Amino acid sequence: MALSYSTIQDVDLRVQPVDEVLDRVAPALQTRFLRDTVVRKRRSVGARTERDTWVRVERRPLAKITDQGWNGTEVAVRLKGVAMPVWRQCVVWQDEDGPVGWRADETSLLPAAPVGSAVLSNAPELPAEWWTGLNASLDALAAHATGRVATPDTEVITQDLVTTSIRTVFSEGFDTTVRRWVPAHADLNWANVTAPVFSLFDWEDWGNAPQGLDAASLWAASLAVPALAERVRQERHHDFESRDGKLMTLFVCSKILGPHAHPQDPRREPARRTADQVIEELQAG
């Protein structure tokens, strides 16, 4: 299959034609798609199948596929105690037109609908059981051991990335060295969790990351709804109170306040206030 795109990096599957991709995947997985269920995102497209499963197809430049591969959804099957869809099978191929890989993973259906977009502007209705499920899953995930390294936004998270991201926005005066690395989902936002039944999906980027990355990511996605952001902090207080959790708070704030951030983002002011407080705490030791 050949897909004609202007460059390797600038493809947005929300606007590019995807029928040819789906036509390739369906027979490879021996199923058919329900085309009225197709969901398109920037670098992935998904659809429900006739056998009541879900297939997510991702496009990724080969340069963004690390030595560990990009089979996160597949290898996440060994993560016990984490609420997620059940992985079934996959198909992987290289694009004929350039250094681009495609991967389609078939999983069970979600137990409920996604909460919303990645970043929320209105408070969702989340029962107490939802927060219990979130905490149980994140705690169970962090208790595992893995050789994988998390790739948030398809970029391998390293000490250098953490330091550079923080220093680009915030001043000197505190140590940015991460002390504890634990398994993390690495893309925890409101588009990747379901409610009222909690489940966490889209596992392609999971791996070791500084403690608190997931909690900080969900908090950052909640900042336009102050009460929700505060609830996230309360529920994951042991992450936020840790030194690495403070660094991860600055790490996610750097994306909101950095040079490429949107100037009208309603999260900017609360992110700035929190960052100032966290920096004081880090400087105080």
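Numbering that gives the first Met the number 0 numbers the first residue of the sequence shown as 0 and each following residue consecutively. Just so you know, even glycine gets a beta-carbon here, dropped at the ideal spot from N, CA and C. Given the structure is predicted, the values throughout are model-derived calculations rather than measurements.
According to DSSP, what are the bridge partners of residue i?
| i | result |
| --- | --- |
| D275 | Per DSSP, none; premise fails for D275. |
| P113 | T193 |
| E105 | V54 and Q88 |
| A183 | G206 |
| G100 | R59 and Q93 |
| A46 | V54 |
| F173 | According to DSSP, F173 bridges with nothing at all. |
| R39 | V44 |
| F32 | T48 |
| L199 | V192 |
Is the distance from the Cβ of residue i to the Cβ of residue j below 8 Å?
| i | j | result |
| --- | --- | --- |
| W101 | R58 | yes |
| R93 | G172 | Checking the sequence shown, residue 93 turns out to be Gln, not Arg. No, the Cβ-Cβ distance between Q93 and G172 is not below 8 Å. |
| R166 | A219 | no |
| T145 | A185 | no |
| V56 | V10 | no |
| G80 | A122 | no |
| R118 | A223 | Note that residue 118 corresponds to Val in the displayed sequence, not to Arg. In this structure, A223 lies closer than 8 Å to V118 by Cβ. |
| T175 | L108 | no |
| P126 | V177 | no |
| F197 | A82 | yes |
| P195 | W129 | yes |
Figure out for me which residue from the options has the closest Cα to the Cα of residue i.
| i | options | result |
| --- | --- | --- |
| F200 | A223, G71, C89 and A144 | G71 |
| A214 | W205, R235, N207 and A223 | R235 |
| E73 | G132, L187 and D104 | D104 |
| L12 | K40, L212, P26 and D66 | K40 |
| P28 | V14, V54, R42 and Q15 | The sequence given here places Leu at residue 28; Pro does not occur at that position. L28 has its Cα closest to that of V54, out of V14, V54, R42 and Q15. |
| T157 | G206, S170, A139 and A142 | G206 |
| H65 | D204, V14, A226 and G257 | The amino acid at residue 65 is misidentified as His; the sequence shows Thr. The option with the nearest alpha carbon to T65 is D204. |
| P182 | L160, L212, E154 and T162 | L212 |
| G257 | S170, A226, L187 and S241 | S170 |
| H89 | T106, L78, A141 and T248 | The question names His, but residue 89 in the sequence shown is Cys. Considering only alpha carbons, the answer is T106. |
| K63 | L160, E124 and V155 | V155 |
Here's a check: name, in chain order, each residue in its chain whose Cβ is nearer than 7 Å to the Cβ of residue i, leaving out the five neighbours to either side.
| i | result |
| --- | --- |
| E49 | T30, R31 and L33 |
| R232 | W218 and F239 |
| I7 | Low per-residue confidence applies at I7: pLDDT is 46, beneath 50, and the placement is therefore not dependable, though the value from the model is reported in the following sentence. If we look at I7 and ignore the five residues flanking it on each side, its Cβ neighbours are P60, G97, P98 and V99. |
| D264 | I255 |
For residue i and residue j, which I take to be in contact (beta-carbon distance under 8 Å), what is that distance rounded to the nearest angstrom?
| i | j | result |
| --- | --- | --- |
| S164 | F239 | No, S164 and F239 are not in contact; Cβ-Cβ is about 18 Å, not under 8 Å. |
| P110 | T52 | That pair is no contact at about 13 Å. |
| H143 | L187 | With a Cβ gap of about 16 Å, H143 and L187 do not count as contacting. |
So, for residue i: in the same chain, excluding its five sequence neighbours on each side, which residues have a beta-carbon less than 8 Å away from its beta-carbon?
| i | result |
| --- | --- |
| V37 | V17, L21, V44, G45 and A46 |
| A260 | K254 and R267 |
| I278 | F169, S170, G172, F173 and L249 |
| Q67 | G146, R147, V148 and G206 |
| A226 | A122 |
Do residue i and the ligand HEM come close, with the Cβ less than 7 Å from some heavy atom?
| i | result |
| --- | --- |
| N191 | The ligand HEM is not among the ligands present in this structure, which contains no ligands whatsoever. |
Using C-beta distances below 6 Å, list every residue in its chain close to residue i, excluding the 5 sequence neighbours before and after it, in chain order.
| i | result |
| --- | --- |
| C252 | A270 and A274 |
| Q276 | none |
| V14 | none |
Measure from the C-beta of residue i to each C-beta in chain B and report whether the shortest distance is under 8 Å.
| i | result |
| --- | --- |
| G211 | Looking for chain B here will not work: only one protein chain is present. |
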